[in-house]
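So the protein lines, in turn, are chains A and B.
Numbered according to our numbering, the first sequence spans residues 122 to 524.
Numbered according to our numbering, the second sequence spans residues 122 to 524.
There are 2 protein chains.
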Amino acid sequence: MIKVAVMGHGVVGGGVTEILLKNAESIAKKVKQEIYIEKVLDLRDFPDSPISDRFTKDFNDIISNDEISIVVEVMGGLKPAYDFVKQCLEKGKSVVTSNKELVAAKGAELLAIAEKNNVNFLFEASVGGGIPIIRPLHQCLSANNIEKINGILNGTTNFILNKMINDKMSFEDALALAQEKGYAERNPAADIEGHDACRKICILASLVYGTHVYPDSVHTEGITKVSLTDVEYASKWGGVVKLIASARISAKDNTKQEIMVAPMFVSRDCQLSNVDGVYNEILVRGDSSGSVGFYGRGAGKLPTASAVVADVMDCVLHKDERRDIMWKDGNGENVVPYEEYENAMYVRFSADDEQTALAKANEIFGKCDVIEKIDATADTAIVTPELSYADFVEKSKKFAELC
Amino acid sequence: MIKVAVMGHGVVGGGVTEILLKNAESIAKKVKQEIYIEKVLDLRDFPDSPISDRFTKDFNDIISNDEISIVVEVMGGLKPAYDFVKQCLEKGKSVVTSNKELVAAKGAELLAIAEKNNVNFLFEASVGGGIPIIRPLHQCLSANNIEKINGILNGTTNFILNKMINDKMSFEDALALAQEKGYAERNPAADIEGHDACRKICILASLVYGTHVYPDSVHTEGITKVSLTDVEYASKWGGVVKLIASARISAKDNTKQEIMVAPMFVSRDCQLSNVDGVYNEILVRGDSSGSVGFYGRGAGKLPTASAVVADVMDCVLHKDERRDIMWKDGNGENVVPYEEYENAMYVRFSADDEQTALAKANEIFGKCDVIEKIDATADTAIVTPELSYADFVEKSKKFAELC
Chain A
122 MIKVAVMGHG VVGGGVTEIL LKNAESIAKK VKQEIYIEKV LDLRDFPDSP ISDRFTKDFN
182 DIISNDEISI VVEVMGGLKP AYDFVKQCLE KGKSVVTSNK ELVAAKGAEL LAIAEKNNVN
242 FLFEASVGGG IPIIRPLHQC LSANNIEKIN GILNGTTNFI LNKMINDKMS FEDALALAQE
302 KGYAERNPAA DIEGHDACRK ICILASLVYG THVYPDSVHT EGITKVSLTD VEYASKWGGV
362 VKLIASARIS AKDNTKQEIM VAPMFVSRDC QLSNVDGVYN EILVRGDSSG SVGFYGRGAG
422 KLPTASAVVA DVMDCVLHKD ERRDIMWKDG NGENVVPYEE YENAMYVRFS ADDEQTALAK
482 ANEIFGKCDV IEKIDATADT AIVTPELSYA DFVEKSKKFA ELC
Chain B
122 MIKVAVMGHG VVGGGVTEIL LKNAESIAKK VKQEIYIEKV LDLRDFPDSP ISDRFTKDFN
182 DIISNDEISI VVEVMGGLKP AYDFVKQCLE KGKSVVTSNK ELVAAKGAEL LAIAEKNNVN
242 FLFEASVGGG IPIIRPLHQC LSANNIEKIN GILNGTTNFI LNKMINDKMS FEDALALAQE
302 KGYAERNPAA DIEGHDACRK ICILASLVYG THVYPDSVHT EGITKVSLTD VEYASKWGGV
362 VKLIASARIS AKDNTKQEIM VAPMFVSRDC QLSNVDGVYN EILVRGDSSG SVGFYGRGAG
422 KLPTASAVVA DVMDCVLHKD ERRDIMWKDG NGENVVPYEE YENAMYVRFS ADDEQTALAK
482 ANEIFGKCDV IEKIDATADT AIVTPELSYA DFVEKSKKFA ELC
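What follows is the structure, given as structure tokens:
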């Protein structure tokens with residue numbers, strides 16, 4: 122029998138205990154022993170839980186219990202999760218977490234502490250909820266050099282954009298609906314401003330490229346400025362607007378990466394354009410494998426909890442041997458500054474003399490594609506050739522002055 | 122340094138040596154030692170290979186070389202692959218294979234021999250080419266009970282069906298094009314009759330449900346009878362025709378599975394309907410994870426080879442510890458006979474008096490959905506309610522007699 126503790130009995134934590142109890146028999150068969158929940162840490166009371174007698178409000182009941190060899194951290198946030206996780210690892214307990222904020226902020230440090238103490242620190246559930254992505258990237262695609270990753274990593278924003286695309290709902294109405302359905306928090310900033318997707322792409326990039334990527338090195342735009350007009354222009358262009366988190370090897374320096382989160386036009390030919398509702402998909406391009414995709418529910422109680430439990434099972438099966446997931450700390454120099462990224466840019470403007478303005482756009486940006494108008498009175502929309510963001514900002518200013 | 126042998130220098134084998142040589146540095150960094158190709162077995166000569174001096178035509182050079190601890194089998198077919206692999210495992214060498222025929226026919230036996238000799242027998246590349254599927258199913262989704270798997274597992278047939286759907290090409294023309302492009306063999310039976318997809322779903326079902334599923338227990342239909350008319354009716358119905366390999370837990374007896382390969386109508390809402398060309402996708406539904414999808418190139422030199430090399434790397438990293446992939450032998454009783462599977466069936470017929478025929482269809486099959494006609498002179502097409510295949514056959518006879 123192996124004893125585990127679960128820190129946090131919120132949505133995911135409740136799912137973890139539910140799966141460990143419900144699937145106890147099949148899980149025990151697979152890991153060849155019983156997994157017993159010794160303690161659940163939460164400041165609230167849960168008198169109706171079938172294991173209500175095992176709840177505690179005191180972290181000491183976990184850290185000082187030497188029989189507990191695996192600790193699940195599903196509290197979220199950095200305080201007190203970071204301190205608790207660190208103490209557990211230092212005490213020789215393996216830790217499994219779904220906490221993307223923690224891994225994105227402290228991953229390199231916690232992995233180093235885990236290595237030093239010869240225990241595991243696993244976090245499959247921190248990206249893509251129930252979608253297997255950390256382990257496949259690390260193991261199955263390990264013979265590849267990963268050229269790029271493009272992902273829809275936030276279900277809330279994908280739901281909102283879908284409602285705008287399919288039902289012509291405004292951003293505000295779609296957000297209100299997402300909140301009503303429980304997909305968005307009352308304070309939705311982490312989702313709609315792109316921070317959640319940013320943390321996830323930081324974790325994937327750290328894993329794949331071997332150096333920690335901190336969220337503050339990553340250019341992050343949310344979807345708050347996307348209007349129904351933009352959604353319609355994306356459709357005329359031949360695609361849809363999606364919030365894409367991307368990481369790619371720099372073409373100029375293959376030791377560095379270009380990482381960003383922003384709403385982008387995605388062509389209808391691309392698998393990512395077909396991802397509906399709160400689903401996530403991550404497309405990974407390896408130099409040998411070509412494009413490989415991972416699709417599923419990126420959040421939610423049981424999907425996320427099932428990924429946590431799978432990591433716990435992996436810890437049980439490999440308790441005398443560490444998984445070799447590891448990356449070194451980074452100082453931000455591994456990430457190319459956003460100003461240097463070269464992308465084609467979508468520009469929308471109104472001008473009294475459209476033909477003159479278009480001629481100027483072509484002169485300033487280089488030959489632009491003009492998107493068919495959504496109606497006669499609408500803005501003019503163009504897509505520029507690929508150019509660096511710094512270049513784009515400068516040329517945009519010039520264009521605005523001339524128009 | 123770890124020494125490996127590669128048996129077979131065909132398409133996949135050539136890819137394996139190419140990746141091991143090309144990505145030698147990054148691979149060595151990941152597995153913390155050099156992987157050295159000691160021998161390549163092939164009956165042909167390859168004087169232009171950069172390692173031409175390490176080729177041999179004699180299996181004894183591999184089996185009797187105790188320095189070779191990992192053997193890659195990429196010859197395909199059962200003879201002599203089965204005998205060679207068995208000897209390698211018995212001699213204490215780990216084996217990595219991409220050979221789906223071998224795993225589908227002999228998986229349980231070879232896994233047992235590997236366990237007895239405390240070595241690994243890994244086969245990630247046998248299903249879905251470069252798509253990570255074996256390991257994610259086994260590890261990441263291990264906290265789930267897998268309710269069903271539906272997959273497009275054969276790229277050749279998907280390419281052919283796509284050409285029929287998008288370009289209104291006949292089956293024969295699309296097959297000829299697939300052969301011209303090198304997607305289909307000169308003898309295309311294994312692909313178009315569904316045997317290749319069958320082997321792959323057998324491997325996935327064996328892995329997930331723990332008992333070997335032999336191809337001859339699985340009802341297998343190919344796409345040779347699919348006509349352009351069917352493709353058009355699928356479109357009118359709201360979807361596309363895809364060759365689907367499926368495995369699901371029997372609703373009547375959860376210790377048994379229903380497994381089949383057949384062309385099916387796939388609704389446009391389903392991710393599988395968007396899989397184009399030679400790509401594969403596998404959708405897996407876990408009781409906790411919900412639907413999870415895996416997408417990518419299901420065949421091809423480098424995608425498949427990259428999965429083989431990842432398995433080799435896993436063997437190197439875990440050389441003193443076996444992966445716990447295992448299933449027991451089966452006698453076919455774990456698979457429900459096809460006659461008992463309940464599905465809605467698509468029926469196409471011509472009748473002089475259509476209204477009377479439809480009334481009879483409703484009387485015999487139960488209330489059927491009538492698909493809008495593709496043109497006035499076309500056959501009538503209906504979809505029956507769910508019924509067992511045995512029931513369907515009997516009722517179809519009765520219907521044919523009455524019409």
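Glycine is no exception: its CB is placed at the ideal position from the N, C-alpha and C atoms.
If Thr218 of chain B and Glu236 of chain B are in contact, beta carbons under 8 Å, what's the gap, nearest whole angstrom? That pair is no contact at about 16 Å.
Cα-Cα, which of B:Lys363, B:Ala366, B:Ser388, B:Pro384 is closest to Lys357 of chain B? B:Ser388
Gly303 of chain A versus A:Ile140, A:Ser427, A:Ala420, residue with shortest Cα-Cα distance: A:Ala420
Go to Met438 of chain A, then tell me how far its alpha helix (DSSP H) extends in each direction, as first and last residue. The displayed chain sequence assigns Leu, not Met, to residue 438 of chain A. Per DSSP, Leu438 of chain A belongs to the alpha helix (DSSP H) from 422-438.
Cβ neighbours of Thr277 of chain B in the same chain (closer than 6 Å, five flanking residues each side left out): Ala299, Tyr304, Ala305, Asp312
Whose CA, out of A:Ala499, A:Thr332, A:Glu522, lies closest to the CA of Lys481 of chain A? A:Glu522
Give the residues of chain B in contact with Gly411 of chain A, contact being defined as C-beta atoms less than 8 Å apart. Gly251, Gly417, Arg418, Gly421, Leu423, Pro424
C-alpha distance - Gly251 of chain B paired with Asp441 of chain B, whole-angstrom precision: 26 Å
Using the C-alpha atoms, what's the distance from Gly315 of chain B back to Lys377 of chain B? 22 Å
In whole angstroms, what is the alpha-carbon distance linking Pro458 of chain B and Ile322 of chain B? 16 Å
Determine the closest residue to Ser427 of chain B out of B:Arg165, B:Phe244, B:Pro201, B:Asn186, with distance taken between C-alpha atoms. B:Phe244
Of all Cβ atoms in chain B, is any one closer than 8 Å to the Cβ of Pro257 of chain A? yes
Look up Tyr157 of chain A in the DSSP assignment and say whether it is helix, strand or coil. strand
Measuring only between beta-carbons, confirm whether Ile154 of chain B sits less than 8 Å from chain A. The sequence given here has Gln at residue 154 of chain B, not Ile. Chain A, which has no Cβ nearer than 8 Å to the Cβ of Gln154 of chain B, makes this no.
Spell out the partners DSSP gives Gly407 of chain B in its beta bridges. B:Ile267, B:Gly411
Contacts that Lys449 of chain B makes with chain A (C-beta to C-beta distance below 9 Å): None at all; the shortest Cβ gap to chain A is about 12 Å.
Segment contact, 8 Å Cβ cut-off, at least three pairs: the segment 389-397 of chain A with the segment 348-366 of chain A: yes
Please compile the residues from chain B whose C-beta is within a distance smaller than 7 Å of the C-beta of Pro151 of chain A. With the sequence shown as reference, residue 151 of chain A is identified as Lys, and Pro is not the correct amino acid for it. In chain order: Ser263.
Partners in chain A for Ile148 of chain B, counting only beta-carbon separations shorter than 7 Å: Ala264
Please classify Val125 of chain A as buried or exposed, where buried requires at least 16 neighbouring CB atoms within 10 angstroms. buried
Roughly how many angstroms separate the alpha carbons of Ile172 of chain A and Val127 of chain A, rounded to a whole number? 12 Å
If contact is defined by three or more beta carbon pairs under 8 Å, each pair taking one atom from either stretch, is the segment 143-163 of chain B in contact with the segment 429-443 of chain A? no
Report yes or no: do three or more beta-carbon pairs, one from the segment 504-524 of chain A and one from the segment 464-481 of chain A, lie closer than 8 Å? yes
Going along chain B, which residues have a C-beta under 7 Å from Ile140 of chain A? Ala264, Ser409
Do you know how far the Cα of Val216 of chain B is from the Cα of Asn241 of chain B? 6 Å
For my contact list, Leu296 of chain A and Ile281 of chain A are in at a C-beta cut-off of 8 Å; report their separation, rounded to the angstrom. 6 Å
Can you grab the Cα-Cα spacing for the pair Glu159 of chain A / Ala229 of chain A, in whole Å? 29 Å
Shorter than 8 Å from the beta carbon of Val329 of chain A to some beta carbon of chain B? no
Can you check which of these residues, A:Glu484, A:Val504, A:Leu479, is closest to Asp490 of chain A by C-alpha distance? A:Val504
Using a threshold of 8 Å, state whether the C-beta atoms of Gly129 of chain A and Lys422 of chain A are closer than that. no
Does the distance from the C-beta atom of Arg320 of chain B to that of Lys227 of chain B stay below 8 Å? no
Under 6 Å Cβ to Cβ from Asp450 of chain B, same chain only, skipping five residues before and after it: list those, please. Ala229, His333
Identify every run of the beta strand (DSSP E) within the segment 168-244 of chain B, keeping only runs that are complete inside it and at least 3 residues long; order them along the chain. 189-194, 215-218
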